[in-house]
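Residue numbers (the numbering used here): 69 to 663. Ideal Cβ positions, reconstructed from N, Cα and C, are used throughout, including at glycine. Note sheet for the following structure.
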Amino acid sequence: MKAICFYFQIHQPFRLKHYRFFDIGNDHYYYDDFADDDIITRIAQRSYLPANEMLLDMIRENGKKFKVAFSISGTALEQLEQYVPEFIDSMKELAATGCVEFLSETYAHSLSAMFDPEEFTAQVKAHDEKIYQLFGLKPKVFRNTELIYDDDIASMVYAMGFKAAITADAKHVLGWRSPNFLYSSASAPKLKLLLKNSKLSDDISFRFSNPEWAAYPLTADKYINWINELPQEEQLVNLFMNYDAFGELQPRESGIFEFMKALPRFAAENDIQFWTPSEVVSKFKPVAELAVPYPMSWTDEARDTSAWLGNTLQQEAVKKLYSIGERVRLCSDRRIKQDWNYLQASDHFFYMSTKHNDDGSVHSHYSPYDSPYTAFTNYMNVLSDFMTRVEEQYPTSIDNEELNSLLLTIRNQEQEIEKLHREVELMRNNIVKDTTGDFPIDVEDMPAEAPVIEAPKPEEKPAPKKKAPAKKPAANAITRTVAIGQVLLSRFLVLCCFVMPSIGIGGIEVVTQGLDIVLKGLEAFGGDAAQGAGALALERLFHRDIAGCGKFVKLHAQVSRRGAGLLLNEGELGRLGTDEQRHHRQPQLAVQQWV
Numbered sequence: 069m070k071a072i073c074f075y076f077q078i079h080q081p082f083r084l085k086h087y088r089f090f091d092i093g094n095d096h097y098y099y100d101d102f103a104d105d106d107i108i109t110r111i112a113q114r115s116y117l118p119a120n121e122m123l124l125d126m127i128r129e130n131g132k133k134f135k136v137a138f139s140i141s142g143t144a145l146e147q148l149e150q151y152v153p154e155f156i157d158s159m160k161e162l163a164a165t166g167c168v169e170f171l172s173e174t175y176a177h178s179l180s181a182m183f184d185p186e187e188f189t190a191q192v193k194a195h196d197e198k199i200y201q202l203f204g205l206k207p208k209v210f211r212n213t214e215l216i217y218d219d220d221i222a223s224m225v226y227a228m229g230f231k232a233a234i235t236a237d238a239k240h241v242l243g244w245r246s247p248n249f250l251y252s253s254a255s256a257p258k259l260k261l262l263l264k265n266s267k268l269s270d271d272i273s274f275r276f277s278n279p280e281w282a283a284y285p286l287t288a289d290k291y292i293n294w295i296n297e298l299p300q301e302e303q304l305v306n307l308f309m310n311y312d313a314f315g316e317l318q319p320r321e322s323g324i325f326e327f328m329k330a331l332p333r334f335a336a337e338n339d340i341q342f343w344t345p346s347e348v349v350s351k352f353k354p355v356a357e358l359a360v361p362y363p364m365s366w367t368d369e370a371r372d373t374s375a376w377l378g379n380t381l382q383q384e385a386v387k388k389l390y391s392i393g394e395r396v397r398l399c400s401d402r403r404i405k406q407d408w409n410y411l412q413a414s415d416h417f418f419y420m421s422t423k424h425n426d427d428g429s430v431h432s433h434y435s436p437y438d439s440p441y442t443a444f445t446n447y448m449n450v451l452s453d454f455m456t457r458v459e460e461q462y463p464t465s466i467d468n469e470e471l472n473s474l475l476l477t478i479r480n481q482e483q484e485i486e487k488l489h490r491e492v493e494l495m496r497n498n499i500v501k502d503t504t505g506d507f508p509i510d511v512e513d514m515p516a517e518a519p520v521i522e523a524p525k526p527e528e529k530p531a532p533k534k535k536a537p538a539k540k541p542a543a544n545a546i547t548r549t550v551a552i553g554q555v556l557l558s559r560f561l562v563l564c565c566f567v568m569p570s571i572g573i574g575g576i577e578v579v580t581q582g583l584d585i586v587l588k589g590l591e592a593f594g595g596d597a598a599q600g601a602g603a604l605a606l607e608r609l610f611h612r613d614i615a616g617c618g619k620f621v622k623l624h625a626q627v628s629r630r631g632a633g634l635l636l637n638e639g640e641l642g643r644l645g646t647d648e649q650r651h652h653r654q655p656q657l658a659v660q661q662w663v
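And the structure:
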């Protein structure tokens, strides 16, 4: 019994508008929205939507025995959501049949697997989340951009939890071996490999309507007979192609849709089934390990990466782009991250190819530029502006390792401050508020009134006095002072937390001067005992010295390049005072906040 595994690729990049040298620094929007709208809408109407209808009919007519797989890049999904939302609805209907599998890939259809492993992992994760969000399915099989694959990529793919990957049948890798078997990776033996059958795939996607082709016209029964006549041991035929082959590369008038609809009937007559990649992996066992020391792909005659990295123009553009990847991942600017994704699309480097003959004609067919040099110039102008924006966020004067260390320290300090803030709030909630609700004072800790003792009469012998617990009022006074100190210090801490992001090197003076003034105020209010209680409150609030805060301020100033913006002196922070006319003569605190 033989099996056919159909896989269709859908990808569209965000095309760049004409971007001049004089636009650098002035225009930060790089995309040709009109071209994107026009192209994606035209292809969807002529190809994607009719092909979806065709597949849905085939699944319904054949009792769910016809199955296919899709790989849709994140950039294509964004454009389809924006310009052709009915296609997303149509894909959801296909997904609901249970006969469609979605494969994982890089979100931006990028070359990150060869240049930036961290970015590669992040894009695969983002793509899978997008697929699950739209269709409710989690990809289990991986396909890289343009089926680019080598042993290093295999290790990364397996580490991400995928059980299989699909790739090309490059002759310089396979040699005498056939692509009609299931293989495993030499670097990750548990990762299964499905290889494209280029001849049978291209017969449909490229040669179907070519009248000069020796096998023209191609019919469904002839095609199934070719598969049936393969050696008995070759039981797997992987047909991988672009989805726009139906209706765009091969127009509807060529009969491509009728050809596809007839395939299941002739396949059933020859006991040939249709499986998804996951079914292939579960039902077939690998026949051998496949070692791929250098990257291969399904593009051009060479089946390597020369379509994107074959000349110095392409190599320079890719090198410049990925040189700033680490800094882009550190920033939180949504627009920068979005542009970073769009600029990684492999199409931008594909347009720069200087190949000739058949390969050159394919590159020029898809390119919106007059020449590879125009494509390079336009892309580098855009990239120069983008790099300037990234440098404004994180200067090149700080190397990546130092920048990572500083930002990691800042994030850790932010977590510490957040933890301290929660501790302060917890302390505040544990203190009972006074009648005004402004300053929480524990009523039970108020100083007890001195016991009234009547003076003895002169003629009578005074009764022996009992030893009164004189220490209790003093202890209560100190406890109350601790409570007051906690409140004042908590407000000072909250003030520090809010202004910390906007201060610079002077932040150290802010913290040290402020705490010194607070302790002096407590000393003036309650003497040495109160000052000691204030120090105790400080220790209970921070559980550490203030050097950590000073270090955080220095690091934050070094990264953000913000100068000193806040300095306090003793006169600008009010000292403790008492209000004898309000609230039953309870002491009140007056704090002047200066920003």
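query                                                                                                                                                                                        : result
Under the rule that 16 or more other beta-carbon atoms within 10 Å means buried, what is residue 69, buried or exposed?                                                                      : exposed
Can you give the Cα-Cα distance for residue 79 and residue 478, rounded to whole angstroms?                                                                                                  : 39 Å
Does DSSP put residue 248 in a helix, in a strand, or in coil?                                                                                                                               : coil
Tell me which residues share the same chain as residue 207 and place their Cβ nearer than 7 Å to its Cβ, disregarding the 5 neighbours each side in the sequence.                            : 170, 171, 172, 196, 199
Straight-line CA distance for residue 131 to residue 180?                                                                                                                                    : 41 Å
Taking its Cβ as the centre, do 16 or more other Cβ atoms sit within 10 Å of residue 112, making it buried, or is it exposed?                                                                : buried
Quick one: measure Cβ to Cβ for residue 249 and residue 316, integer angstroms, because I've assumed they're closer than 8 Å.                                                                : At roughly 32 Å, the Cβ-Cβ gap does not stay under 8 Å, so residue 249 and residue 316 are not in contact.
Using C-beta distances below 6 Å, list every residue in its chain close to residue 226, excluding the 5 sequence neighbours before and after it, in chain order.                             : 256, 259
Measuring alpha carbon to alpha carbon, tell me which of 484, 224, 447, 276 ends up nearest residue 86.                                                                                      : 447
Which residue wins for smallest C-alpha separation from residue 218, given the options 400, 387, 312, 357?                                                                                   : 357
To the nearest angstrom, report how far apart residue 386 and residue 150 are at their CA atoms.                                                                                             : 28 Å
Flag this pair as yes or no: are the beta carbons of residue 412 and residue 178 separated by less than 7 Å?                                                                                 : yes
Shortest alpha-carbon distance to residue 77 belongs to which of 222, 124, 264?                                                                                                              : 264
Using a 10 Å radius around the Cβ and a threshold of 16 neighbouring Cβ atoms, would you call residue 476 buried or exposed?                                                                 : exposed
Give every residue of the same chain whose Cβ lies closer than 7 Å to the Cβ of residue 414, excluding the five residues on either side of it in the sequence, and list them in chain order. : 177, 178, 179, 213, 214, 376
Leaving aside the five residues before and after residue 542 along the sequence, list all residues of the same chain whose C-beta is less than 6 Å from its C-beta, in chain order.          : Residue placement at residue 542 cannot be trusted, given a pLDDT of 46 that sits under 50; what the coordinates show is reported in the next sentence. If we look at residue 542 and ignore the five residues flanking it on each side, it has no Cβ neighbours.
Among all the DSSP beta bridges, which residues are the ones paired with residue 364?                                                                                                        : 217
Spell out a yes or no on whether the region 262–276 and the region 305–322 are touching, meaning 3 or more CB-CB pairs, one atom from each, closer than 8 Å.                                 : yes
How should residue 361 be labelled, buried or exposed, when 16 other C-beta atoms within 10 angstroms of its C-beta is the threshold for buried?                                             : exposed
Hey, would you say residue 134 sits closer than 7 Å to residue 342, going by beta carbons?                                                                                                   : yes
Tell me the rounded alpha-carbon separation between residue 75 and residue 296.                                                                                                              : 20 Å
Across the region 112–128 and the region 302–312, are there enough close Cβ pairs to call them in contact, namely three or more that are closer than 8 Å?                                    : yes
Straight-line CA distance for residue 286 to residue 96?                                                                                                                                     : 50 Å
Leaving aside the five residues before and after residue 283 along the sequence, list all residues of the same chain whose C-beta is less than 8 Å from its C-beta, in chain order.          : 271, 275, 290
Answer yes or no: do residue 222 and residue 252 have a C-beta to C-beta separation smaller than 7 Å?                                                                                        : no
For residue 304, report the span of its beta strand (DSSP E) as first-last.                                                                                                                  : 304–310
Let me confirm a value: residue 82 is counted as buried when at least 16 other C-beta atoms fall within 10 Å, else exposed. Which label applies?                                             : buried
Specify the secondary structure class of residue 72 as computed by DSSP and reduced to three states.                                                                                         : strand
Since residue 199 is in the alpha helix (DSSP H), which residue starts that stretch and which ends it?                                                                                       : 185–203
Would you call the region 397–408 and the region 451–461 touching, i.e. three or more CB-CB distances under 8 Å?                                                                             : yes
Short of 6 Å in beta carbon distance, which residues of its chain neighbour residue 100, apart from the five on each side in sequence? Order them along the chain.                           : 83, 85
Taking DSSP as the reference, what is the three-state secondary structure of residue 223?                                                                                                    : helix
Judging by CA-CA distance, which residue of 409, 238, 331 is the nearest neighbour of residue 366?                                                                                           : 238
With a threshold of 16 other CB atoms inside 10 Å of the CB of residue 335, please say whether the residue is buried or exposed.                                                             : buried
According to DSSP, is residue 230 helix, strand or coil?                                                                                                                                     : coil
Can you say whether residue 648 is buried or exposed, counting buried as having 16 or more other CB atoms within 10 angstroms of its CB?                                                     : With a pLDDT of 42 at residue 648, under the threshold of 50, the modelled position of that residue is not reliable, and the figure given next carries that caveat. Result: exposed.
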